[in-house]
């Protein structure tokens with residue numbers, strides 16, 4: 001179990017993480033979803049002991065990462081965002097080295113290295129230097145290095161960044177396999193589809209704060225089944241807000257000179273009224289889209305902007 | 310598929326232990342120091358493998374100093390294997406005694422180091438002004454008379470200020486020659502005086518009796534001294550390499566090669582220290598900070614790998630000095646000393662590299678430091694080629710301290726007091742820089 005209580009990390013005046021609390025349970029994947037700079041990696045760094053928290057408490061399987069760092073690290077596997085690999089070493093060298101770093105040795109280490117090579121599908125290339133690997137193979141090895149010591153808690157910091165779709169599917173399967181074995185996984189991503197597909201519980205973050213937390217269904221409920229209507233064109237934001245205010249049960253999420261986002265229940269039935277109101281306000285419509293409730297809808301509703309902006 | 314963790318401390322962990330874990334727990338039961346040593350060893354092995362995967366860098370670290378050393382030797386020796394000094398000799402006396410000095414300086418072992426050219430004083434001065442010779446020796450008028458009358462005689466030696474090593478060789482060689490002349494005068498002064506005064510009665514030919522008397526006198530004097538001055542061992546016995554004196558081993562073995570060896574060690578230290586930045590950039594350093602072993606073991610592994618590399622380069626250097634005549638028995642000490650210094654220099658450069666805020670900054674900083682260290686510390690030009698004030702400073706640089714002791718070890722004449730002081734200073738410096746590096750790597754360096 002990973003417990004984070006009122007975690008705060010501050011660099012001078014900059015607050016990177018501001019009072020974040022959550023609990024990730026064994027056998028579950030807890031997702032931290034947010035744009036770049038939201039504070040996800042800072043949380044991972046605090047959990048793995050790389051950064052001391054300014055305040056708050058972080059525990060891994062009951063071990064406080066500040067008071068009992070070595071005990072906490074022993075239970076923790078870390079798969080960093082960057083490919084933390086040595087280009088000149090082989091996959092077997094990597095796994096053996098990482099295992100030794102966690103105190104493994106002898107036949108146990110050798111057996112486990114073979115086992116992990118099988119899990120990540122690199123038995124055939126085990127002795128080749130990493131520099132000959134494809135991006136996907138490197139990602140898998142990066143993942144393998146994080147699980148070689150059989151951790152009970154696993155931190156995955158955007159492990160699919162820059163990965164081709166096929167390798168991505170394989171990586172997500174590897175994560176699921178770990179969870180099936182009872183591992184507690186903390187997974188950070190800025191891909192909503194990944195979070196929706198993989199995570200049992202999700203915390204949506206922005207600017208160092210948790211904006212919403214819960215299961216996918218709980219988060220969807222926060223949207224009250226609202227659909228999102230996005231209209232691109234040229235608008236006068238003030239006149240747009242005035243025009244849309246006259247429509248019943250419509251929530252203006254954002255009104256920008258080039259984009260208007262509106263949340264509404266059964267929005268498909270209200271699209272014509274919305275477009276008419278925008279035209280009346282003097283706007284010029286170029287493109288319209290309608291999306292069903294999703295994490296992105298929630299993120300937009302919570303922050304007024306898209307996740308990838 | 311996911312087994313329990315292999316290592317955990319405390320009673321609660323013991324209670325949870327399952328059959329699958331027993332194998333792993335055997336490892337956990339091993340003493341902590343054993344695990345740490347294993348991690349240190351695997352870290353060193355990992356870095357050594359990475360170094361070996363880059364043979365080009367290895368070749369540069371070993372080859373560049375060899376190239377520079379060879380170049381310097383060629384420049385200072387005029388292309389020959391052994392550097393020779395060009396000496397201009399002005400014989401203003403032109404007597405048998407002065408000709409004896411000329412003959413002595415152009416024969417035997419002196420001839421290995423000196424090329425003597427007889428010139429007039431004016432011609433000699435012109436050549437010295439043009440920098441065409443290492444030194445000019447003037448045998449003044451009255452040289453023979455002074456020797457026979459046991460009066461002080463002054464030989465004037467003018468050296469070329471633009472050269473350092475070769476004029477020193479001339480000075481040392483002539484010192485020996487002057488001593489030889491002095492002893493010849495002390496031992497054979499009386500018969501020589503009789504010869505110089507000429508035949509009795511003002512004739513032009515010595516009588517047979519006089520020649521016989523002089524011969525017997527010289528023979529007796531030499532016979533009396535034979536046990537003291539010419540021990541019987543001299544004879545025809547060829548001295549073994551172990552019996553060679555420091556002077557006979559040569560400048561190349563005891564001066565140039567150690568100098569180049571320390572240049573190599575400096576390059577290795579500078580190049581290996583960059584690895585900390587590589588580890589930081591590729592994220593492996595952060596990953597290593599997240600393991601349940603102190604980062605000090607990881608860094609110690611790097612130092613150990615650097616020491617292994619220094620050992621390999623040292624071996625190459627010592628093979629060369631062995632080839633140049635240094636006795637085998639002197640090499641183990643030199644090997645240990647160089648390897649130790651290689652590790653110490655790596656600690657120092659790791660420290661410098663972690664001071665910088667960026668990789669480019671680290672490169673600049675280490676380059677700014679390495680070249681003055683190399684020049685001042687006698688790892689480019691040997692101390693013997695430096696002005697005294699520079700030697701005084703350079704001898705206290707880390708490589709200067711190490712280099713001096715290496716030369717003493719190779720000459721077979723180490724001062725154990727000085728060696729102990731140098732060892733303590735280098736250990737102290739390494740320990741301090743290593744601990745600061747550990748502290749920096751655990752702090753802002755890795756996470757910034």
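Chains as they are written, first to last, in the numbering used here: chain A, 1 to 309; chain B, 310 to 757.
Cβ atoms here follow ideal geometry from the backbone N, Cα and C, with glycine treated the same way.
Everything numeric in this text was worked out from a predicted model, so none of it was measured.
In this structure, A:244 is the residue among A:257, A:244, A:258 with its C-alpha nearest to the C-alpha of residue 272 of chain A. Assignment of beta-bridge partners to residue 7 of chain A by DSSP yields A:20.
Neighbours of residue 73 of chain A in chain B, taken as residues whose beta carbon is under 8 Å from its own, are 599, 600, 601 in chain order. What residue 351 of chain B touches in chain A, judged by beta-carbon distance under 8 Å, is 96, 97, 100, 101, going in chain order.
For residue 84 of chain A, at least one C-beta of chain B is nearer than 8 Å to its own C-beta. Using a Cβ-Cβ distance cut-off of 8 Å, the segment 62-78 of chain A and the segment 348-360 of chain B are not in contact, since fewer than three pairs of beta carbons, one from each stretch, lie closer than that value. C-alpha of residue 359 of chain B to C-alpha of residue 89 of chain A: approximately 7 Å in a straight line. Chain B has a Cβ within less than 8 Å of the Cβ of residue 70 of chain A.
Among the CB atoms of chain B, one or more fall inside 8 Å of the CB of residue 45 of chain A.
In terms of CA proximity to residue 645 of chain B, B:732 leads the group B:732, B:676, B:499, B:742.
Judged by DSSP in its simplified three-state form, residue 185 of chain A adopts strand. When the beta-carbon positions are compared, residue 109 of chain A and residue 118 of chain A stay at least 8 Å from each other.
Membership of residue 234 of chain A in the beta strand (DSSP E) is indicated by the continuous run 226-234.
Only those residues of the segment 576-596 of chain B whose C-beta falls short of 7 Å from the nearest C-beta of chain A are listed: 591, 592, 593, 595, 596. Proximity to residue 265 of chain A across A:258, A:303, A:221 peaks at A:221, based on C-alpha coordinates. The alpha carbon of residue 634 of chain B has as its nearest neighbour, out of B:438, B:668, B:564, the alpha carbon of B:564. Rounded to the nearest whole angstrom, the C-alpha separation of residue 642 of chain B and residue 570 of chain B is 15 Å. Using a Cβ-Cβ cut-off of 8 Å, residue 614 of chain B does not count as an interface residue toward chain A, since no Cβ of chain A sits closer than that to its own. By the beta-carbon neighbour count (other beta carbons within 10 angstroms, threshold 16), residue 217 of chain A is exposed. If you look at residue 737 of chain B, you'll find it isn't in any beta strand (DSSP E); it sits in the alpha helix (DSSP H) that goes 725-749. Rounded to the nearest angstrom, the Cβ distance from residue 205 of chain A to residue 40 of chain A is 6 Å, consistent with a contact under 8 Å.
The C-alpha of residue 203 of chain A lies about 45 Å from the C-alpha of residue 363 of chain B. Secondary structure at residue 159 of chain A: coil, using DSSP grouped into helix, strand and coil.
The Cβ atoms of residue 172 of chain A and residue 295 of chain A do not sit closer than 8 Å to each other. Excluding five sequence positions before and after residue 55 of chain A, the CB atoms of its chain that fall closer than 6 Å to its own CB belong to 8, given in chain order. In the DSSP assignment, residue 621 of chain B falls within the alpha helix (DSSP H) that extends over 604-632.
No Cβ of chain B is located within less than 8 Å of the beta carbon of residue 251 of chain A. Looking at B:348, B:737, B:655, B:590, the one whose alpha-carbon comes closest to that of residue 103 of chain A is B:348. Here residue 289 of chain A carries a strand assignment [DSSP, helix/strand/coil]. In this structure residue 516 of chain B is exposed. Its beta-carbon is surrounded by fewer than 16 other beta-carbon atoms within 10 angstroms.
Between residue 268 of chain A and residue 261 of chain A, the beta carbon gap of about 16 Å keeps them out of contact (Cβ cut-off 8 Å). Proximity of chain B to residue 271 of chain A at the Cβ level (cut-off 8 Å) is not reached, the minimal Cβ distance being about 47 Å. Your pair residue 30 of chain A and residue 187 of chain A checks out as a contact, with CB atoms roughly 7 Å apart and the cut at 8 Å. Residue environment analysis places residue 280 of chain A among the exposed positions, since fewer than 16 neighbouring C-beta atoms fall within 10 angstroms of its C-beta. With respect to the C-alpha of residue 249 of chain A, the residue from A:270, A:180, A:232, A:239 having the closest C-alpha is A:270. Below the 9 Å Cβ cutoff, chain B contributes 756 as neighbours of residue 51 of chain A, in chain order.
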